[in-house]
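The structure appears right after this line, and notes come after that.
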Amino acid sequence: MNRSVLFFFLSFYIGFISVSGQDSLSLFPKSYNQYNEERIQTTNFYYNPATMPGYSAYSISEFSTDYVSDNQKIYLRQMGSGDSGLRIRTRSFNKLKSGNVVWGVASYSNMTRKRPRYNENLDFERIAPYVTSDSVGGDLKLEDYHFSGGFAKTINRFSFGLSGSYDAELAYRSRDPRVRNTSSDLILSAGISYKIYKSYKIGVFGEFNKYTQNSSVSLVNEVSYPIVYQSVGFGYTNYLFHNSLTTQYEEFGYRAGAQISSKDGKDFYITGMFLNSNNIKSIYPKNGNRYYDSSDLENKTYLLEAAKFISLKNNRIGFIINYNSKIRTGEEYGYTSNSDRMEQIFKRKAYKKEEYTTSVRALYQLTKEKYIFSAVPFFSYQEVTERRLYPFSGQKYDAYTIGLEMDIKLEINKNRVLTLRPVYSYRKINNAINALDSNVSAANLEWISDDFTILTSNIETTGATIRYDFKMAKFPPIFVSGQWITSIIKQQSNNFGVFSLGITF
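Just remember that the numbering used here sits 572 ahead of the position in the sequence shown, which is counted from 1.
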């Protein structure tokens, strides 16, 4: 990472810190406020930026450097076997003297994605199945920049909020097939809430999203090189655009939602939202003179969440119910090349993926003078159907997941706090239907069959995070943390770890 990037992060962070004076909390309540378990479980409520005045009673600021290690033995080939590398992050939430609030987040990461195959693009889950692919693949170098922030103001019964975020990512490989991908993702949001009676509020919010990705593949070795395909899913490709090395994706989307709450969501809330986007892939043929649209991927997401919380002396109890549906429909273009000019002859629906998830979470929190204990048992049920036409191929499965997350914060003394967060979950497949078409190459059939086996396998996950906060004279509080998560799939372990060092204000 060059010095200018580091300078920007430090300037961004110091700028937010200087906007207002920091709250003079002791270390234990500051640590609790920094990572409040209830707030972690209710992130969907804060999609409306107008709710941010109630996000925290105190200002929050943090700067950290992380080392990430992700080593997967069982993995989907198009996703790779894990991203490992360095990341720096800074975030701040400040309550101004005027009563307004500002917040911001910035991060930079430099990672290596290990062994992806059949996918030479970024943001696979966003554009799948319409990716550029080859059978060789190889490690990718990734750089990611993220910047976001917002402002919220309360005037009498009204609260207004504005926020925005920008993500930019670069991926490249320095050996054949040589890849260079760049993506950008811009989100602008606005919201308003109105106090209708006592502590009851209603709110509405909206979001605009613009996403682009440009991808190119180059081959230095002209004697021996892989074929570059344009995938359409389940091992099939668009034959017309074989060995087309340049593609671009352009997406426009929006989100709209409404909510009702009491006591800024601390008593109860109901929030619902709808997201719609269209992602168009265009390909520049090897011997062409312009881009041709090849697919139009429509995404529709519906979310409904309700939560209720009760306080009984030192005890806090809550329930959160969530329903989420994601429907992706792909339309594909057909062209004739019987003349000197390619002409579109059809556009037809050829791909669909549906995901329906229902989850229930409970929260129990016990607050004592020297420690805080939280437990979040959860249950979810998911049904996934994915299929394409021309020719028909598909798969379907449903699964339930049960688990438990805990958080224990212990005040050792006024300058030292220890936090432990164990987690356990078990995913059980109920039914799985393999309707994959075997009329593909032997290598592709082996690949998609292996993916189906992974997607329909039971998964047992165990992990924990331990964090130690301490304060020394004339220095801001410092923290050291480590996280380790192990997932058992098909009797093999996927291991994920993070080591972090940072400061809080």
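C-beta atoms are modelled at their ideal positions from N, C-alpha and C, and glycine is treated no differently.
Residue i, buried or exposed, once every other Cβ within 10 Å from all chains shown has been counted against 16
i                 : result
glycine 1074      : buried
valine 932        : exposed
proline 963       : exposed
glutamine 802     : buried
glutamate 692     : buried
lysine 645        : exposed
glycine 671       : exposed
isoleucine 1061   : buried
aspartate 912     : exposed
proline 967       : It is glutamine, not proline, that sits at residue 967 in the sequence shown. Its Cβ being crowded by 16 or more others within 10 Å, glutamine 967 is buried.
glycine 593       : Confidence at glycine 593 is low in this model, with a pLDDT of 48, below 50, so the placement of that residue is unreliable and no value is reported for it.
alanine 629       : exposed
valine 989        : buried
phenylalanine 951 : exposed
isoleucine 799    : exposed
asparagine 1066   : buried
tyrosine 841      : buried
isoleucine 660    : buried
threonine 1076    : buried
phenylalanine 579 : In this predicted model, phenylalanine 579 has a pLDDT of only 47, less than 50, meaning its place in the structure is not dependable; the value taken from the coordinates is given anyway. Burial call: exposed.
valine 795        : exposed
tyrosine 680      : buried
alanine 922       : buried
asparagine 1003   : exposed
glutamine 1083    : Nothing about residue 1083 can be reported from this structure: the residues present for the chain run from 573 to 1077 only.
tyrosine 690      : buried
asparagine 810    : buried
threonine 1028    : buried
threonine 819     : buried
glutamate 1018    : exposed
lysine 669        : exposed
asparagine 861    : exposed
Where the alpha helix (DSSP H) through residue i begins and ends
i             : result
glutamate 941 : Neither: glutamate 941 is in no alpha helix (DSSP H) and is coded neither H nor E.
serine 1014   : The residue asked about is misnamed: residue 1014 is alanine in this sequence, not serine. 1014 to 1027 is the span of the alpha helix (DSSP H), which, as asked, contains alanine 1014.
valine 643    : Inspection of the sequence shows that residue 643 is occupied by asparagine rather than by valine. No alpha helix (DSSP H) holds asparagine 643; the beta strand (DSSP E) holding it covers 632 to 643.
leucine 599   : 599 to 606
arginine 1039 : Premise fails: arginine 1039 lies in the beta strand (DSSP E), 1031 to 1042, not in any alpha helix (DSSP H).
glutamine 650 : Taken as a continuous stretch (DSSP letters only), glutamine 650 belongs to no alpha helix (DSSP H), as it is neither H nor E.
arginine 913  : Where arginine 913 is concerned, there is no enclosing alpha helix (DSSP H), given that its DSSP letter is neither H nor E.
arginine 747  : From DSSP, arginine 747 is part of no alpha helix (DSSP H); its letter is neither H nor E.
N- and C-terminal bounds of the beta strand (DSSP E) containing residue i
i               : result
arginine 999    : 988 to 1007
leucine 734     : 730 to 744
alanine 762     : 750 to 769
leucine 869     : 864 to 884
tyrosine 905    : 887 to 908
arginine 661    : 655 to 667
lysine 981      : 965 to 985
isoleucine 1050 : 1050 to 1061
isoleucine 1075 : 1064 to 1076
Cβ distance (whole Å) where residue i is taken to contact residue j below 8 Å
i              : j               : result
serine 720     : lysine 773      : So it is not a contact: roughly 24 Å between Cβ atoms.
tyrosine 702   : glycine 890     : Wrong, their Cβ atoms sit about 41 Å apart, outside the cutoff.
leucine 599    : lysine 942      : About 12 Å; that fails the 8 Å criterion.
tyrosine 856   : isoleucine 699  : That belief does not hold up - the Cβ atoms of tyrosine 856 and isoleucine 699 are roughly 17 Å apart, past 8 Å.
isoleucine 632 : glutamine 606   : 6 Å
threonine 1025 : serine 603      : With a Cβ gap of about 43 Å, threonine 1025 and serine 603 do not count as contacting.
isoleucine 759 : serine 737      : 5 Å
tyrosine 969   : isoleucine 1005 : 7 Å
threonine 930  : tyrosine 895    : 5 Å
arginine 663   : valine 673      : 14 Å between Cβ atoms; not a contact.
arginine 993   : aspartate 979   : 5 Å
glycine 657    : threonine 684   : 6 Å
aspartate 868  : asparagine 848  : The pair is not a contact, with the Cβ atoms about 13 Å apart (cut-off 8 Å).
Item to check | Inside the segment 671 to 718 only - alpha helix (DSSP H) runs reaching at least 4 residues | outcome: Those alpha helix (DSSP H) runs which fall completely within the segment 671 to 718 and span 4+ residues are 696 to 699.
Next on the checklist: Report the start-end ranges of each beta strand (DSSP E) in the segment 788 to 845 that is 3 residues or longer and not cut off at the edges.
Outcome noted: Entirely contained in the segment 788 to 845, the beta strand (DSSP E) runs reaching 3 residues are, in chain order, 801 to 805 and 818 to 834.
Item to check | Sufficient close CB pairs (3 or more, under 8 Å) joining the segment 737 to 747 to the segment 708 to 715 | outcome: Touching, yes.
Checklist entry - Is it true that the segment 611 to 631 meets the segment 759 to 777, where meeting means three or more beta-carbon pairs spaced less than 8 Å apart? => result When C-beta atoms of the segment 611 to 631 are compared with those of the segment 759 to 777, three or more pairs fall below 8 Å, so the two segments count as touching.
Checklist entry - Would you call the segment 1051 to 1059 and the segment 1028 to 1036 touching, i.e. three or more CB-CB distances under 8 Å? => result Note that the segment 1051 to 1059 touches the segment 1028 to 1036; at least 3 beta-carbon pairs, one per stretch, sit closer than 8 Å.
Checklist entry - Can you find at least 3 beta carbon pairs, one from the segment 776 to 790 and one from the segment 747 to 760, that sit closer than 8 Å? => result At 8 Å Cβ cutoff, the stretches touch.
Next on the checklist: Is it the case that the segment 878 to 895 contacts the segment 918 to 925, given that we only count it when at least three CB pairs across the two stretches are under 8 Å?
Outcome noted: Segment contact: the segment 918 to 925 against the segment 878 to 895, fewer than three CB-CB distances shorter than 8 Å; contact not assigned.
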